[in-house]
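Asker: Take a look at this one; I'll ask things after.
Number of protein chains: 2
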Amino acid sequence: MSIQSRKERERAEREKLIITAARELAEAEGWEAVTTRRLAERVEYSQPVLYSHFKGKGAIMAAVAVESCADLAVELRAARTAAPDARHAIAGVSAAYVAFADRHPALYDVIFSLDVPLPFATPEAPPALQAAFGELAEAVRPYSGDDDLGALTETFWAALHGLVTLMRGGRLPRELHDLRLSLFLARFTG
Amino acid sequence: MSIQSRKERERAEREKLIITAARELAEAEGWEAVTTRRLAERVEYSQPVLYSHFKGKGAIMAAVAVESCADLAVELRAARTAAPDARHAIAGVSAAYVAFADRHPALYDVIFSLDVPLPFATPEAPPALQAAFGELAEAVRPYSGDDDLGALTETFWAALHGLVTLMRGGRLPRELHDLRLSLFLARFTG
DNA sequence: TTTTCGTTCCTAGCGCTGCTAGATCTCGGA
DNA sequence: TCCGAGATCTAGCAGCGCTAGGAACGAAAA
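Taken in order, these protein sequences are the chains called A and B. Going by full-length UniProt numbering, the first residue of the first sequence is number 1, and it counts up by one from there. Going by full-length UniProt numbering, the first residue of the second sequence is number 1, and it counts up by one from there.
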């Protein structure tokens, strides 16, 4: 029993090691630099070991996405609860969301942009995703009026996402970002 | 002189052929299916010929993006000019934008999502991009009030982009799309 | 203690990618 | 008719995600 559990523990540790290595490599050099060979080298195992833990590269990315999303949820919550009123809350959450994308572009991408095998928008979605969405929803709630909170939160989220991704892709000038965000918030909150 | 011009004409025709083939292949099977080998086979030339016309695969994608963006601009213009008033105009342009993304996901991606070597948000941006942006701007103008039209149009565009990409990536449920769009428009137009 | 057997892990390799060097072939001009 | 320049192809490089098959290890049985 003890041997069995030791092996399982070591295996879990190694899995964690792989996820962390992937995350660090992605943050440092972007996902295009995260190859199975480099990842294997980094964790000091051979390539096939990765496949005994994950179905493929996509599954590794999905694991990083879930882990990162939990971090994002924490930051959103902190921004929301630190605000003195609803107006500061939604502005603070927006700013925290954008700041996360700015500080961790690779993590943002793997959660929200890249094609990873993860269930979204369903009850089977990872709790971390639901938690992050829930934080946005709580910030939006005071402004929902008679509208459906879920759909309105999705709309709010989509706008933030659009602002972030278009700017990061070089499609929008960085200089106007703060202005765009405040214009959006002004219209959204009425 | 005549031989020279004939060669140039044939060269231009072949370049057009490559772009069209790339576009068709991308629309039919997605950009991951557009490899230089398949493209070369399709235009019935060898792989290196592609590189005598374009710097690389990215440049071919950029060419498709510009061409497609011109189409998008036409559709946006049609939607806008067909509308009887400002409210129908911005709703119609929004619907046309979303419909384009829905009917031509590969083209939408290469214009707005994928990493292609094209200048955006600068005076050197291709006219087609500026034309499409201009159509959005004209639809937004009646609702700009004292706000900067450029920044507000960017914000409007970003929201549409977010709605489109999150839904297409499976992050937002399709069923609520119309509701989300109308919620956004209601808030945006005040 | 020795042998067996199951698991774990690595080496090697497949088919694919974008891209390019160098040989070959075509064709206009002398 | 022959030459030379340009166009085009064949073949190959380094890298990708992924996997088959064998070697080495360690726990249980003799």
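Every residue, glycine too, gets a C-beta built ideally from N, C-alpha and C. No experiment lies behind these values; they were computed from the predicted model shown.
Assign residue 115 of chain B to buried or exposed, taking buried as 16 or more other Cβ atoms, counted over all protein chains shown, within 10 Å of its Cβ.
Answerer: Result: exposed.
Asker: To the nearest angstrom, how far is it from the Cα of residue 157 of chain B to the Cα of residue 152 of chain A?
Answerer: Roughly 18 Å separates the two Cα atoms.
Asker: What separation, rounded to the nearest whole angstrom, lies between the Cα atoms of residue 184 of chain B and residue 155 of chain A?
Answerer: Distance between the alpha carbons of residue 184 of chain B and residue 155 of chain A: 7 Å.
Asker: Cα-Cα, which of A/94, A/51, A/112 and A/126 is closest to residue 165 of chain A?
Answerer: Checked all of A/94, A/51, A/112 and A/126; the closest Cα to residue 165 of chain A is A/112.
Asker: Within 8 Å (strictly less), CB to CB, does residue 162 of chain B reach chain A?
Answerer: At least one chain A Cβ lies under 8 Å of residue 162 of chain B.
Asker: Who are the Cβ neighbours of residue 31 of chain B in its own chain at under 8 Å, not counting the five residues just before and after it?
Answerer: Same-chain partners within the cutoff: 61, 106, 109, 110 and 114.
Asker: Cutting at 7 Å between CB atoms, please list the residues of its own chain near residue 100 of chain A, excluding the five before and the five after it.
Answerer: Hits under 7 Å: 72, 75 and 108.
Asker: Along chain A, in chain order, which residues have C-beta atoms closer than 7 Å to that of residue 152 of chain B?
Answerer: Here the neighbours are 183.
Asker: For residue 147 of chain B, which of helix, strand or coil comes out of DSSP?
Answerer: Residue 147 of chain B: coil per DSSP, three-state reduction.
Asker: Can you tell me which of the three DSSP states residue 54 of chain A falls into?
Answerer: Reduced to three states, the DSSP call for residue 54 of chain A is coil.
Asker: For residue 38 of chain B and residue 169 of chain A, I'd like the C-alpha separation in whole angstroms.
Answerer: Answer to the nearest angstrom: the Cα atoms are 28 Å apart.
Asker: Report all residues from its chain with a CB closer than 6 Å to the CB of residue 79 of chain B; omit the five preceding and five following residues, and keep chain order.
Answerer: Cβ within range, chain order: 92, 93 and 96.
Asker: For the alpha helix (DSSP H) containing residue 117 of chain B, list its first residue and its last residue.
Answerer: From DSSP, residue 117 of chain B is part of no alpha helix (DSSP H); its letter is neither H nor E.
Asker: Whose C-beta lies closer than 7 Å to the C-beta of residue 120 of chain B among residues of the same chain, with five residues either side of it excluded?
Answerer: Cβ neighbours of residue 120 of chain B beyond the five flanking positions: 129.
Asker: Measure from the alpha carbon of residue 131 of chain A to the alpha carbon of each residue in A/69, A/18, A/16 and A/9, then state which is nearest.
Answerer: Per the Cα distances, A/69.
Asker: Would you please verify whether the beta carbon of residue 23 of chain A is less than 8 Å from any beta carbon of chain B?
Answerer: It does not; no Cβ of chain B falls within 8 Å.
Asker: Which residue wins for smallest C-alpha separation from residue 47 of chain A, given the options A/36, A/190, A/135 and A/28?
Answerer: The shortest C-alpha separation from residue 47 of chain A is found at A/36.
Asker: Rounded to the nearest angstrom, how far is the Cβ of residue 17 of chain B from that of residue 43 of chain B, given a contact under 8 Å?
Answerer: Yes, residue 17 of chain B and residue 43 of chain B are in contact; Cβ-Cβ is about 5 Å, under 8 Å.
Asker: Does residue 30 of chain B get closer than 8 Å to chain A when you measure Cβ to Cβ?
Answerer: It does not: the Cβ of residue 30 of chain B has no partner Cβ on chain A nearer than 8 Å.
Asker: What are the residues in the region 32-63 of chain B lying within 7 Å of chain A by C-beta distance?
Answerer: Under the 7 Å Cβ criterion, the region 32-63 of chain B contributes no residue.
Asker: Which of the three DSSP states, helix, strand or coil, is assigned to residue 88 of chain B?
Answerer: Note: residue 88 of chain B maps to helix in three-state DSSP.
Asker: For residue 104 of chain B, which of helix, strand or coil comes out of DSSP?
Answerer: Reduced to three states, the DSSP call for residue 104 of chain B is coil.
Asker: Going along the chain, which residues of its own chain have a beta-carbon closer than 8 Å to the beta-carbon of residue 135 of chain A, five neighbours each way excluded?
Answerer: Hits under 8 Å: 73, 76, 77, 80 and 93.
Asker: Over what stretch of residues does the alpha helix (DSSP H) that includes residue 176 of chain A continue unbroken?
Answerer: Run containing residue 176 of chain A: none; DSSP gives neither H nor E here.
Asker: Would you decide whether residue 6 of chain A is buried or exposed? Buried here means 16 or more other CB atoms lie within 10 Å of its CB.
Answerer: With fewer than 16 other Cβ atoms within 10 Å, it is exposed.
Asker: In chain order, what residues of the same chain have a beta carbon less than 6 Å from the beta carbon of residue 189 of chain A, not counting five sequence neighbours either side?
Answerer: The residues are 143.
Asker: In angstroms, rounded to a whole number, what distance separates the CA positions of residue 27 of chain B and residue 133 of chain B?
Answerer: Taking the straight line from one Cα to the other gives about 23 Å.
Asker: Give a yes or no on whether the minimum CB-CB distance between residue 134 of chain A and chain B is below 8 Å.
Answerer: It does not; no Cβ of chain B falls within 8 Å.
Asker: Quick check: residue 181 of chain B and residue 98 of chain B, are their CB atoms within less than 8 Å of each other?
Answerer: Result yes, Cβ atoms of residue 181 of chain B and residue 98 of chain B sit closer than 8 Å.
Asker: Residue 158 of chain B CB to nearest chain A CB: under 8 Å?
Answerer: Judged by the 8 Å Cβ criterion, residue 158 of chain B is in contact with chain A.
Asker: Give me the chain A residues within the contact set of residue 173 of chain B, using Cβ-Cβ distance strictly less than 7 Å, ordered along the chain.
Answerer: Simply 121.
Asker: How long is the line joining the alpha carbons of residue 63 of chain B and residue 163 of chain B, rounded to whole angstroms?
Answerer: The alpha-carbon atoms of residue 63 of chain B and residue 163 of chain B are separated by roughly 25 Å.
Asker: Which value, in whole angstroms, describes the spacing of the CA atoms of residue 83 of chain A and residue 89 of chain A?
Answerer: Taking the straight line from one Cα to the other gives about 5 Å.
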